[in-house]
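A short write-up of the structure that comes next.
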Amino acid sequence: MEQGTSVFPVRWLFYGKDIMKRLKRELSYVVFLIPSLLLFGFCVVYPFLSGIQLAFTDWDGISRTYNFVGADNFTKLLSDKNVLQPIKTTAIYGLTVTALNNVLALFIATTLSKKLKGAAFFKTTFFIPLAISAVLASFVWKYIDSNLISILLGNSLLGKRETVLIGIILISLWNNLGSNIMIYMAGIAGISRDYEEASMIDGANGRQRFFNITVPMLMPSFTICITLTLTASLREFGTVLAATGGGPAGSSQTVAILIYDYMFKYSRAGYAQAISLVFMVFLMVIGLLLTKFFRSKEVEA
Amino acid sequence: MSENRASLGSKLALAVFTAIFLSPFFICILMAVKSKQETSKGILSLPERIHWENFTSAIEKARILLSMKNSILITVCSVIIIVLVAATAAYAIGRRYHNKFYRFYETLLVSSMMLPFQVIMVPVYRMYKELNLLNTRTGAVIMISGLAVAYSTVMMIGFVRGIPLELEEAAQIEGAGRFRIFFSIIFPLLKPILATVATLQFLGVWNEFNVSILLLQKEAIKTIPMQQYVFFGAYGADYNTAFAAAVITMIPVIVIFLILQKQVVAGMTAGAVKG
Amino acid sequence: MKKKLVAVMMASALVLGMTACSSGGADKGGSVKPDEVYSEEGEQVTLEFINGSAEEQYVAWLDEVIANFEEKHPNIKIEIQKTSIDSFNQTVMTRFATGDVPDLFSFSANDMTDMVPSGYVLDLTNSPNMENYSEGMLDSFTKDGKVYALPIANDFMCVTYNKGTFEKAGIKKVPETWSEFLEVCKELQAKDIVPIASGFSEQWVVNGTSQTVYCAQVLANEGPTLAELVDRSSTFAGTEQWNGFFTKLQEIYPYMNKDPFGTDQNTCYSMLANGEAGMILNGTWTVTNATAMNPDAEFGIFALPVSENADDNVMPMCPPEAAVAVAAESPHKEEAVQFLEYMMSPESASLYAEKGAGIPIIKGVDTSNLKGAFKDAADIMNRGDVKVISSKSFPSANEDAFINDVSGFFLDGCKDPEGAMKKLDTDFDNLVK
Numbered sequence: 056m057e058q059g060t061s062v063f064p065v066r067w068l069f070y071g072k073d074i075m076k077r078l079k080r081e082l083s084y085v086v087f088l089i090p091s092l093l094l095f096g097f098c099v100v101y102p103f104l105s106g107i108q109l110a111f112t113d114w115d116g117i118s119r120t121y122n123f124v125g126a127d128n129f130t131k132l133l134s135d136k137n138v139l140q141p142i143k144t145t146a147i148y149g150l151t152v153t154a155l156n157n158v159l160a161l162f163i164a165t166t167l168s169k170k171l172k173g174a175a176f177f178k179t180t181f182f183i184p185l186a187i188s189a190v191l192a193s194f195v196w197k198y199i200d201s202n203l204i205s206i207l208l209g210n211s212l213l214g215k216r217e218t219v220l221i222g223i224i225l226i227s228l229w230n231n232l233g234s235n236i237m238i239y240m241a242g243i244a245g246i247s248r249d250y251e252e253a254s255m256i257d258g259a260n261g262r263q264r265f266f267n268i269t270v271p272m273l274m275p276s277f278t279i280c281i282t283l284t285l286t287a288s289l290r291e292f293g294t295v296l297a298a299t300g301g302g303p304a305g306s307s308q309t310v311a312i313l314i315y316d317y318m319f320k321y322s323r324a325g326y327a328q329a330i331s332l333v334f335m336v337f338l339m340v341i342g343l344l345l346t347k348f349f350r351s352k353e354v355e356a
Numbered sequence: 268m269s270e271n272r273a274s275l276g277s278k279l280a281l282a283v284f285t286a287i288f289l290s291p292f293f294i295c296i297l298m299a300v301k302s303k304q305e306t307s308k309g310i311l312s313l314p315e316r317i318h319w320e321n322f323t324s325a326i327e328k329a330r331i332l333l334s335m336k337n338s339i340l341i342t343v344c345s346v347i348i349i350v351l352v353a354a355t356a357a358y359a360i361g362r363r364y365h366n367k368f369y370r371f372y373e374t375l376l377v378s379s380m381m382l383p384f385q386v387i388m389v390p391v392y393r394m395y396k397e398l399n400l401l402n403t404r405t406g407a408v409i410m411i412s413g414l415a416v417a418y419s420t421v422m423m424i425g426f427v428r429g430i431p432l433e434l435e436e437a438a439q440i441e442g443a444g445r446f447r448i449f450f451s452i453i454f455p456l457l458k459p460i461l462a463t464v465a466t467l468q469f470l471g472v473w474n475e476f477n478v479s480i481l482l483l484q485k486e487a488i489k490t491i492p493m494q495q496y497v498f499f500g501a502y503g504a505d506y507n508t509a510f511a512a513a514v515i516t517m518i519p520v521i522v523i524f525l526i527l528q529k530q531v532v533a534g535m536t537a538g539a540v541k542g
Numbered sequence: 003m004k005k006k007l008v009a010v011m012m013a014s015a016l017v018l019g020m021t022a023c024s025s026g027g028a029d030k031g032g033s034v035k036p037d038e039v040y041s042e043e044g045e046q047v048t049l050e051f052i053n054g055s056a057e058e059q060y061v062a063w064l065d066e067v068i069a070n071f072e073e074k075h076p077n078i079k080i081e082i083q084k085t086s087i088d089s090f091n092q093t094v095m096t097r098f099a100t101g102d103v104p105d106l107f108s109f110s111a112n113d114m115t116d117m118v119p120s121g122y123v124l125d126l127t128n129s130p131n132m133e134n135y136s137e138g139m140l141d142s143f144t145k146d147g148k149v150y151a152l153p154i155a156n157d158f159m160c161v162t163y164n165k166g167t168f169e170k171a172g173i174k175k176v177p178e179t180w181s182e183f184l185e186v187c188k189e190l191q192a193k194d195i196v197p198i199a200s201g202f203s204e205q206w207v208v209n210g211t212s213q214t215v216y217c218a219q220v221l222a223n224e225g226p227t228l229a230e231l232v233d234r235s236s237t238f239a240g241t242e243q244w245n246g247f248f249t250k251l252q253e254i255y256p257y258m259n260k261d262p263f264g265t266d267q268n269t270c271y272s273m274l275a276n277g278e279a280g281m282i283l284n285g286t287w288t289v290t291n292a293t294a295m296n297p298d299a300e301f302g303i304f305a306l307p308v309s310e311n312a313d314d315n316v317m318p319m320c321p322p323e324a325a326v327a328v329a330a331e332s333p334h335k336e337e338a339v340q341f342l343e344y345m346m347s348p349e350s351a352s353l354y355a356e357k358g359a360g361i362p363i364i365k366g367v368d369t370s371n372l373k374g375a376f377k378d379a380a381d382i383m384n385r386g387d388v389k390v391i392s393s394k395s396f397p398s399a400n401e402d403a404f405i406n407d408v409s410g411f412f413l414d415g416c417k418d419p420e421g422a423m424k425k426l427d428t429d430f431d432n433l434v435k
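Protein chains in written order, with the numbering used here: chain A, 56 to 356; chain B, 268 to 542; chain C, 3 to 435.
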């Protein structure tokens with residue numbers, strides 16, 4: 056649409072207008088991002104960045120001053136024997152909870168998805184514990200453990216080093232099974248009936264149907280459930296603190312509790328921060344690996 | 268369709284699980300209405316009459332009404348903020364999904380979900396001290412919301428992308444600005460997922476522990492989980508009152524949860540399909 | 003139109019949300035923040051007291067002392083902040099680290115090492131209350147000649163027993179030698195009474211029982227001091243007294259309740275109070291807690307006899323570990339000290355004894371009306387069968403390692419005292435910074 060005669064490249068005007076329009080459009084989206092940027096930046100990004108700095112100090116958590124000690128905390132961490140047991144404990148706890156949680160949730164979700172009288176009642180039963188706080192769940196189960204389970208089994212679960220993790224795992228399952236059940240049920244509901252019917256026509260029995268159709272088509276749900284359950288259980292804090300505080304004899308001390316102890320009991324906040332950072336890197340690696348793994352297995356509908 | 272019926276074995280297993288799942292509630296209520304002497308007779312012993320005084324004592328000692336007020340204020344405020352912040356961000360990211368900066372922000376949000384609270388515990392504490400936000404409801408609301416937006420935003424992005432662009436383009440031709448488009452078209456269409464997010468966050472914030480134990484230490488500002496923690500620790504001698512307090516704090520949450528349950532399932536259904 | 007309505011509603015909800023939240027912020031918990039009020043003569047002052055002691059009798063006593071004080075000083079109000087035992091450290095630490103200090107707070111001897119050098123605690127040396135304490139009673143709160151906190155009572159590590167239960171079991175007198183003590187355990191067990199109730203699911207209980215034994219077996223028996231063990235000038239292995247400590251634990255373990263690590267201390271108090279158990283080995287606070295369980299039961303105290311010679315029997319007496327201090331940065335120092343001095347006055351101390359909260363160590367208190375178990379303790383003190391020990395607790399990190407290793411020793415069935423001592427030495431070596 057050039058008018059040719061003028062010296063001034065009118066073309067630029069149009070480009071200019073175009074750019075302005077584009078800018079305006081982009082800006083209108085950016086505006087929507089601002090609240091999130093502000094809130095997330097303030098609550099997560101800034102503390103995280105300044106937290107990195109603390110890991111290089113010897114702050115004890117209570118005095119107003121501290122010194123920089125370079126990478127001292129990290130070198131100490133490498134040779135700290137007190138960290139080995141909690142790492143082991145955390146790993147065992149996390150893997151077991153994730154496995155049990157997802158297997159049970161899948162089983163219950165499958166059963167509840169079938170024609171079942173009173174399915175609604177059962178659903179509610181499993182969902183309600185989600186509404187109970189981790190702390191309260193621990194206190195209640197602790198009481199049941201020392202007064203009822205100890206009578207049934209001869210010994211309380213939380214009172215022996217060999218069984219304390221089992222006790223905490225049970226509390227966590229009770230508290231959290233509901234959400235995975237919900238997600239799996241939603242996933243199952245989303246599997247088209249056609250596949251089921253086609254395979255039934257082909258003569259596949261229940262079990263074959265389950266493993267060849269249901270499981271592959273549930274991959275997106277697995278991605279969410281397994282990744283989230285694992286990373287959440289590795290970070291678990293409130294439940295363990297309220298149930299045992301790390302005992303007996305440190306047998307249930309997870310990494311999260313260890314960090315808490317170093318910060319508030321032994322007055323070594325800088326060191327605690329160093330442990331947290333290493334822990335975080337570890338969690339992220341696991342999370343990313345898992346997500347990648349499951350995404351690759353997802354079947355395109 | 269007899270193939271689709273649950274087997275007897277499954278049904279039995281289900282029944283057993285159900286019994287186990289319900290037992291804590293049963294015990295809680297049983298303990299809450301017994302007296303100390305009756306309790307010492309055995310965990311499953313039945314009381315002679317309902318000891319309402321446990322409840323009155325609990326309300327008084329655990330300052331339940333006060334912590335209930337704190338919990339309600341903090342939860343409602345947080346949920347509103349979370350929903351709005353997450354929805355707006357999800358809209359921007361969803362509509363600009365091809366842009367690598369927006370994708371980067373999404374990755375950042377997802378990564379932050381793996382963050383253990385301990386990593387930012389100390390810096391948050393010092394930050395709040397400088398800003399005089401410790402032991403304030405405002406401070407707690409901000410931090411709790413901030414930590415929850417990542418999950419909520421990510422949940423909503425898929426939804427936003429599922430809303431057809433034509434709807435917006437039609438409104439654009441008519442001259443509607445971005446805000447109009449968002450609030451009149453997108454927002455209403457997000458209702459199912461908004462309801463899910465709101466409900467899940469309501470529960471999450473109500474039972475929030477990590478931030479609260481760090482930032483809300485003064486008696487008058489404590490929320491229900493905090494009060495439970497202190498109460499069981501300090502008054503452990505009096506389990507009946509402690510359990511009465513627990514029952515009182517459980518009831519509102521359970522009631523609300525039952526009412527909102529449908530929303531959550533509906534949203535999750537849609538969400539799981541869209542992925 | 004409908005869409006506009008939705009938009010308006012969302013906007014107003016947002017505004018409403020913000021206002022509700024910000025009003026919550028301004029209303030900082032519903033109490034008058036001390037900084038907002040200046041303390042001139044006669045001006046209304048509110049003092050904040052973070053109290054870590056939750057025992058019924060203590061709380062009842064404190065409430066009455068506060069009521070009395072507020073009557074005499076109408077311009078001063080005192081507000082108590084309760085915390086649970088676990089989160090007390092965290093609460094206090096975080097308050098001080100951020101400069102938002104309380105006026106008064108429960109202070110333990112452990113806190114001397116980190117709080118005093120940081121300048122957080124007010125020096126009380128010039129207070130007239132100094133005269134109310136006997137020689138050595140303020141040692142655990144003194145550094146470089148300055149006193150930083152005032153205690154009300156002392157706790158003894160001893161054996162608390164149910165007098166009625168002993169009678170029923172036919173036990174006529176309190177054991178005075180170690181063999182007699184084991185005999186008593188046997189007799190109780192024969193009558194189906196749990197001789198020693200232990201709630202080891204709580205870490206402090208493991209610590210308390212250990213202290214009861216090692217105060218008598220090691221510290222009052224010419225063993226190395228705890229400080230020497232911490233700085234490694236002495237070791238556990240190879241020390242006769244510590245060997246005796248583990249051997250004695252070995253001997254009493256069979257007389258404890260089944261599954262002690264799955265039992266909490268409140269259940270133990272209950273057992274002691276209603277006759278299911280005969281004794282608890284822990285501090286004198288056992289008395290107050292057990293009494294709360296059953297006010298009709300009668301309790302007594304005796305020193306744990308660790309030798310075969312009845313004359314060697316002494317009750318280890320350590321300077322108090324729990325006291326109350328004033329924050330150096332409190333804006334109302336004067337009023338806070340005023341209250342503290344009243345709280346630790348002979349008048350309040352008599353009230354303390356009356357309420358059965360413990361044995362006050364404040365001079366000028368008539369201890370003759372102490373009842374039951376506290377009377378026993380007072381008698382022992384008056385007879386002079388006590389031995390003063392300078393300190394009974396390890397610093398935090400060492401204490402945790404100690405508790406863990408002793409717990410491990412118990413959980414292994416007390417089979418390997420040598421191994422336990424070796425492990426303690428290794429762990430303590432690791433803790434030397």
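A virtual CB, placed ideally from N, CA and C, is assigned to each residue, including glycine. All values derive from a computational prediction rather than experimental measurement.
Anything in chain A within Cβ reach of residue i, meaning under 8 Å, just list it in chain order.
| i | result |
| --- | --- |
| residue 295 of chain B | 195 |
| residue 444 of chain C | With chain C covering only 3 through 435, there is no way to say anything about residue 444 of chain C. |
In chain B, what lies closer than 7 Å to residue i by C-beta?
| i | result |
| --- | --- |
| residue 190 of chain A | 476, 492, 495 and 496 |
In or out: residue i buried (at least 16 other Cβ within 10 Å) or exposed?
| i | result |
| --- | --- |
| residue 42 of chain C | For residue 42 of chain C, the predicted model reports a pLDDT of 49, less than 50, meaning its position is unreliable and no value from the coordinates is stated. |
| residue 371 of chain B | exposed |
| residue 73 of chain A | exposed |
| residue 317 of chain A | buried |
| residue 362 of chain B | buried |
| residue 365 of chain B | exposed |
Quick one, are the C-beta atoms of residue i and residue j less than 8 Å apart?
| i | j | result |
| --- | --- | --- |
| residue 213 of chain A | residue 160 of chain A | no |
| residue 419 of chain B | residue 468 of chain B | yes |
| residue 309 of chain C | residue 206 of chain C | no |
| residue 412 of chain B | residue 349 of chain B | yes |
| residue 483 of chain B | residue 490 of chain B | yes |
| residue 218 of chain C | residue 305 of chain C | yes |
| residue 193 of chain A | residue 221 of chain A | no |
| residue 322 of chain C | residue 432 of chain C | no |
| residue 301 of chain C | residue 312 of chain C | no |
Could you work out which residues of chain C lie near residue i, taking near to mean beta carbons separated by less than 9 Å?
| i | result |
| --- | --- |
| residue 213 of chain A | 203, 263 and 264 |
Among all the DSSP beta bridges, which residues are the ones paired with residue i?
| i | result |
| --- | --- |
| residue 155 of chain C | C/362 |
| residue 53 of chain C | C/84 |
| residue 318 of chain C | C/389 |
Counting only Cβ pairs nearer than 9 Å, list the residues of chain B close to residue i.
| i | result |
| --- | --- |
| residue 46 of chain C | The premise fails here: residue 46 of chain C is roughly 18 Å from chain B at the closest Cβ pair, so nothing lies under 9 Å. |
| residue 318 of chain A | 385, 388 and 389 |
How would you list, in chain order, the residues of chain A whose beta-carbon sits under 9 Å from the beta-carbon of residue i?
| i | result |
| --- | --- |
| residue 425 of chain B | Result: empty, since nearest Cβ-Cβ is about 10 Å, beyond 9 Å. |
So which residues of chain B does residue i contact, with C-beta pairs closer than 8 Å?
| i | result |
| --- | --- |
| residue 167 of chain C | Within chain B, no residue comes near residue 167 of chain C; the closest Cβ sits about 15 Å away, beyond 8 Å. |
### Ranges of the alpha helix (DSSP H) found wholly within the stretch 214-298 of chain C, counting only runs of at least 4
228-232, 242-254, 267-275 and 287-295
### Query
Mind pulling the alpha helix (DSSP H) runs of 4 or more residues that sit fully within the stretch 137-207 of chain C?
165-170 and 180-192
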